[in-house]
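Below is one structure, written out as structure tokens; the observations come after it.
Numbering (UniProt numbering), first residue to last: 1 to 458.
Pasting the structure below:
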């Protein structure tokens with residue numbers, strides 16, 4: 001079940017001793033937890049509630065299987081498919097089709113990861129991988145001479161679609177699943193492949209390690225991984241559990257959801273005022289200058305809600321896109337000072353609605369066990385490319401409003417057909433306008449009006 005034998009094609013090994021000692025267990029209510037499909041077992045995106053520890057140290061945690069809801073078989077196929085990159089052109093298609101899929105061997109044929117890093121300013125111990133391992137950059141019409149240090153669109157996975165040296169170095173420094181303790185010279189290739197596997201199959205673990213909750217990111221707290229399972233702090237239940245809750249509770253939750261866009265944008269140190277910078281400098285300046293854009297629309301898996309405080313946690317980051325806004329500023333990409341904030345076109349809604357109706361926003365699960373390319377399944381290529389070029393965007397506001405209105409169309413809504421049931425008409429209209437109206441600053445104004453309305457009526 002843990003699939004540890006498939007490492008380095010796995011999430012990690014740091015928390016395996018807890019599993020082996022029986023200190024991590026599914027709760028008694030999690031009977032019949034595995035769903036059988038024609039391709040094997042399927043696991044929910046949101047994960048499973050479990051307990052960790054013994055006796056008085058027991059606490060609740062959340063277990064997530066890497067790559068869910070894709071089946072283990074689909075993930076194995078993705079590993080083998082990516083492993084054929086080197087030298088596959090030398091073999092016939094009929095021969096390739098008959099090759100056995102052995103994930104823990106195939107992953108060693110992934111792109112070379114042990115090339116020398118020639119950057120004199122890079123710490124080769126903490127970040128040995130150069131950005132070039134993410135595959136050949138996608139050429140840009142306005143390619144600049146400073147490309148080697150700027151944000152370049154890559155074709156590895158959505159999380160690193162907007163790749164920069166600063167971002168890639170940050171992800172490596174925060175990666176906690178290294179087996180080469182001490183690492184006096186460099187990472188083991190085993191660790192490098194495990195790092196790339198996480199990025200390609202399901203980058204949520206890497207994202208929540210790199211942008212932790214203690215630094216004010218609205219993500220789960222990472223505890224460790226074993227095989228293809230990761231363990232996170234327990235932060236609540238899926239949003240669908242509150243569909244029939246009293247209106248005042250749903251309004252409080254809605255207020256917290258509408259506050260998420262600003263939490264997903266961490267300004268660079270240059271943009272912070274002096275007092276704020278001095279106060280936070282030693283604590284979390286390292287994760288300043290990044291924005292994380294959501295790429296999923298399934299309302300049930302996108303948010304977790306604390307049943308006591310009603311705090312909201314973003315719980316589905318498989319198709320999230322990380323943008324290094326500090327590098328965009330350094331190289332004078334389009335910015336709000338030029339009145340050129342990226343705004344999501346109203347035409348983008350068509351692909352989302354079609355994807356939700358056909359249940360394709362998780363990707364083609366029967367054929368793709370990884371992140372299904374470098375573009376989230378329900379977003380257009382041009383849309384994502386623009387996120388790589390602008391310092392700010394109303395994308396997250398649009399995703400959240402769209403998910404609130406239409407995300408219940410997912411097959412995993414658990415009977416939640418309308419979270420916005422019986423909310424005041426004025427508030428519903430503001431959320432609907434947030435989806436269907438575009439323009440510089442329009443959505444930000446609408447969401448601020450919605451938050452103000454809720455505060456006045458709770």
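Even for Gly, the Cβ is constructed at its ideal location relative to N, Cα and C.
Taking the alpha-carbon of residue i as reference, which of the options has the nearest alpha-carbon?
i           : options               : result
residue 293 : 369, 171 and 317      : 317
residue 372 : 237, 59, 82 and 416   : 82
residue 421 : 130, 394 and 250      : 250
residue 176 : 166, 206 and 236      : 206
residue 236 : 330, 48 and 288       : 48
residue 217 : 435, 203 and 264      : 264
residue 229 : 24, 438 and 445       : 24
residue 248 : 455, 14, 44 and 4     : 455
residue 162 : 326, 440, 358 and 416 : 326
residue 64  : 345, 106 and 226      : 226
residue 389 : 320, 361, 156 and 164 : 164
residue 382 : 153, 12, 303 and 107  : 153
residue 374 : 353, 407 and 321      : 321
residue 442 : 200, 398 and 199      : 398
residue 384 : 62, 21, 445 and 160   : 160
residue 423 : 314, 359, 252 and 171 : 252
residue 296 : 46, 221 and 451       : 46
residue 171 : 451, 417, 94 and 324  : 324
residue 416 : 245, 353 and 12       : 245
residue 221 : 457, 359, 62 and 195  : 62
Near residue i, what residues of its chain come up, given a Cβ to Cβ distance below 6 angstroms and the 5 sequence neighbours on each side ignored?
i           : result
residue 103 : 6, 9, 76 and 79
residue 17  : none
residue 449 : 430
residue 419 : 243
residue 283 : A caution first: residue 283 carries a pLDDT of 44, below 50, which makes its placement in the model unreliable, though a value can still be read off. Same-chain partners within the cutoff: there are none.
residue 312 : 256, 257, 303 and 305
residue 4   : 227
residue 203 : 159
residue 174 : 209 and 210
residue 195 : 175
So, at 8 angstroms on beta carbons, what are the nonlocal neighbours of residue i in its own chain, with the 5 sequence-adjacent residues on each side left out?
i           : result
residue 380 : 348 and 351
residue 405 : 420, 431, 432 and 435
residue 200 : 78, 82, 156, 157, 370 and 371
residue 310 : 249, 252, 253 and 256
residue 15  : 24, 223, 224, 225, 226 and 231
Quick one: what does DSSP say residue i is sitting in, helix, strand or coil?
i           : result
residue 175 : coil
residue 52  : strand
residue 16  : helix
residue 355 : helix
residue 25  : strand
residue 129 : coil
residue 75  : helix
residue 393 : strand
residue 2   : coil
residue 82  : helix
residue 218 : coil
residue 318 : coil
residue 380 : coil
residue 436 : helix
residue 452 : helix
residue 332 : coil
residue 423 : coil
residue 259 : coil
residue 401 : helix
So what does residue i bridge to, in DSSP terms?
i           : result
residue 64  : 230
residue 323 : 291
residue 162 : 153
residue 224 : 231
residue 266 : 290
residue 304 : 238 and 313
residue 104 : Beta-bridge pairing links residue 104 to no other residue.
residue 59  : 52
residue 342 : 393
Which residues in the same chain as residue i place their Cβ atom closer than 7 angstroms to its Cβ, once the five residues preceding and following it in sequence are excluded?
i           : result
residue 254 : 454
residue 426 : 453
residue 438 : 343, 344, 345 and 346
residue 444 : 394 and 397
residue 107 : 8, 9, 79, 83, 193 and 197
residue 190 : 8 and 179
So residue i and residue j are in contact, right, with Cβ under 8 angstroms, and what is the actual spacing, rounded?
i           : j           : result
residue 223 : residue 400 : Incorrect: roughly 27 angstroms between the Cβ atoms, too far for contact.
residue 377 : residue 407 : The pair is not a contact, with the Cβ atoms about 14 angstroms apart (cut-off 8 angstroms).
residue 60  : residue 234 : 4 angstroms
residue 314 : residue 211 : Not a contact, Cβ separation roughly 10 angstroms.
residue 440 : residue 341 : 5 angstroms
residue 151 : residue 328 : 6 angstroms
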